[in-house]
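*Asks:* Numbering (full-length UniProt numbering), first residue to last: 1 to 539. Positions of the beta carbon are idealized from the N, C-alpha and C atoms, including for glycine. Keep in mind the model is a prediction, meaning the values are calculated, not measured. Please see the structure below; I have some questions.
This is the structure we're talking about:
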């Protein structure tokens, strides 16, 4: 395992220096294409085995589905109910492992499901399913509630026909930060990861694969000869895997969410219930001081572009469900602070199958030295990475055993003196998100441990991220490295002036560059994270 101080020498390289190193100094044996959760996990697993691995993402890390998920690390209760036992067991096992490995980044979340007279499933059937769910996890968390106990926990729940409730436990995370933690661990074991780096061509030859890689920042290109490739571009693999017809057809399904300020939709825990229109499961979850309502599950027929956005029908679908469960709130469009939509890469079934009926299993296939992988869930990235590694062994000579036995560097939880001023919850979040590298943070000024804006982000975090995490654009910082753009009104536009000196200092931006980045960010936020009713005010 690479010592932390040695890792810092590599991590301190600017993105430009990383690209130069790739061009001239660092050989790559295996290339991973795609910087979402699956690509990041494969990258981390290969680096853990001591493989010379490079990860290339044509946009920003986690800029696709892996920053726009439901944020849930769950065991797949719905899959269990549908008899998909293998997927449910795999998900439960992965959830338990992540909860143990990354406290602070993956945290338990208690769900309550109210039960109503005449609605399926009944409380008895649901509680029986929860017993199986808990037994697979080898824990006992689920229990029943009377109608009175339901109202004690959530007084705003609809009273009409309420019979009782059920409580169970899953986990919640920040999906984009989970991707960054995997990439950081992979870099610490010698891998090299670059965002805004597109693989423009890929040619299999005897003895390996030749890639043409283009850096969107410098506009430079380079040619790389590698032994094998892991193609993990998610839903973008649909219809092709680099110039060859795909063996499988992916059906892109859009899942959209709306974010409501916590004071407007107050919940102490999560609520899980069934939509009155189609009996699909819907959730209301507390997340980083706000409340999220999700998710939809509809066919995405539009082009897979970066300006993916929620539709009016999806907004109506989510608000109507919430207002039926919590009728006194009567949420409207005016209460929505932000939204996001992601497209799931789901293996296509029969055309007549409803989106929610399709399996969330992942699929892998090999073409010579190229292993293609798509599908799966945020929760099951470790199993996907291990299976990919097994297929890569058939094309490349990989070490038999890992150099590093741990996926995540374990942090001694003794308080680091400057952080003792913070709440226990904040300390836990920092340990889970940044791991052992917290000890390397520079905390030289008085504002370092202050929160930036209403979002739970420290100034010290901003400085670390700007120095170490390949921020190229303002949206990288505000929508993925942090969630300021979601958690602050109007995308955090009122706080941008406070960010300006930090970005200019650590990224070398001048006035012209800063203004261009602000314009770019607000355009992206308005197109993909806002609502039409908010555009005029934000502008």
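Express the C-alpha separation of residue 24 and residue 217 in angstroms, rounding to a whole number.
*Replies:* Distance between the alpha carbons of residue 217 and residue 24 is about 17 Å.
*Asks:* Mind listing, in chain order, the continuous alpha helix (DSSP H) runs of no fewer than 4 residues lying wholly within the region 418 to 496?
*Replies:* Here the runs fully enclosed are 424 to 434, 459 to 468 and 484 to 487.
*Asks:* What does DSSP give as the partner residue(s) for residue 159 in the beta ladder?
*Replies:* Answer by DSSP bridge pairing: none, since residue 159 is not bridged.
*Asks:* Helix, strand or coil: which one does DSSP assign to residue 361?
*Replies:* If DSSP states are grouped into helix, strand and coil, residue 361 belongs with coil.
*Asks:* Considering only the alpha carbon of each residue, which of 137, 139, 161 and 142 lies closest to residue 148?
*Replies:* Nearest C-alpha to residue 148: 161.
*Asks:* Give the secondary structure of residue 529 by DSSP, where H, G and I count as helix, E and B as strand, and everything else as coil.
*Replies:* Residue 529: coil per DSSP, three-state reduction.
*Asks:* Less than 8 Å between the CB atoms is what I'm expecting for residue 294 and residue 70, so what's the real figure, rounded?
*Replies:* Contact holds; Cβ gap of about 5 Å.
*Asks:* Whole angstroms are fine: how far does the CA of residue 409 sit from the CA of residue 399?
*Replies:* Cα to Cα, the separation comes out at about 21 Å.
*Asks:* Could you check what DSSP says for residue 209 in three-state terms: helix, strand or coil?
*Replies:* In this structure, residue 209 counts as strand in the three-state DSSP scheme.
*Asks:* Skipping 5 residues on each side, what residues in its chain have a beta carbon closer than 7 Å to that of residue 500?
*Replies:* If we look at residue 500 and ignore the five residues flanking it on each side, its Cβ neighbours are 514.
*Asks:* Can you tell me whether residue 128 is buried or exposed, with buried defined as 16 or more other CB within 10 angstroms of its CB?
*Replies:* When all chains shown are included, residue 128 counts as exposed.
*Asks:* So what's residue 227 in DSSP terms, helix, strand or just coil?
*Replies:* Coil.
*Asks:* When the Cβ atoms of the region 31 to 38 are set against those of the region 49 to 65, are three or more pairs found closer than 8 Å?
*Replies:* Judged by Cβ distances under 8 Å, the region 31 to 38 makes contact with the region 49 to 65, as three or more pairs qualify.
*Asks:* Let me confirm a value: residue 138 is counted as buried when at least 16 other C-beta atoms fall within 10 Å, else exposed. Which label applies?
*Replies:* The residue is exposed, with fewer than 16 neighbouring Cβ atoms inside 10 Å.
*Asks:* Determine the contact status of residue 172 and residue 285, defining contact as a CB-CB distance below 9 Å.
*Replies:* Against a cut-off of 9 Å, the Cβ pair of residue 285 and residue 172 comes out as a contact.
*Asks:* Can you list, in chain order, the residues of its chain whose CB lies under 6 Å from that of residue 470, leaving out five sequence neighbours each side?
*Replies:* Taken in chain order, the residues that qualify are 15 and 195.
*Asks:* Could you check what DSSP says for residue 23 in three-state terms: helix, strand or coil?
*Replies:* In the structure shown, residue 23 sits in a helix (DSSP, three-state: H, G or I).
*Asks:* Between which two residues does the beta strand (DSSP E) carrying residue 218 extend?
*Replies:* No beta strand (DSSP E) contains residue 218, which DSSP labels as neither H nor E.
*Asks:* For my contact list, residue 253 and residue 343 are in at a C-beta cut-off of 8 Å; report their separation, rounded to the angstrom.
*Replies:* With a Cβ gap of about 7 Å, residue 253 and residue 343 count as contacting.
*Asks:* From residue 505 to residue 384, what does the alpha carbon distance come to, in whole angstroms?
*Replies:* Cα to Cα, residue 505 sits roughly 40 Å from residue 384.
*Asks:* Helix, strand or coil, according to DSSP, for residue 116 in the structure here?
*Replies:* In this structure, residue 116 counts as strand in the three-state DSSP scheme.
*Asks:* Any idea what DSSP makes of residue 374, helix, strand or coil?
*Replies:* Reduced to three states, the DSSP call for residue 374 is strand.
*Asks:* Are there 16 or more other CB atoms within 10 angstroms of the CB of residue 83, so buried, or fewer, so exposed?
*Replies:* Label assigned to residue 83: exposed.
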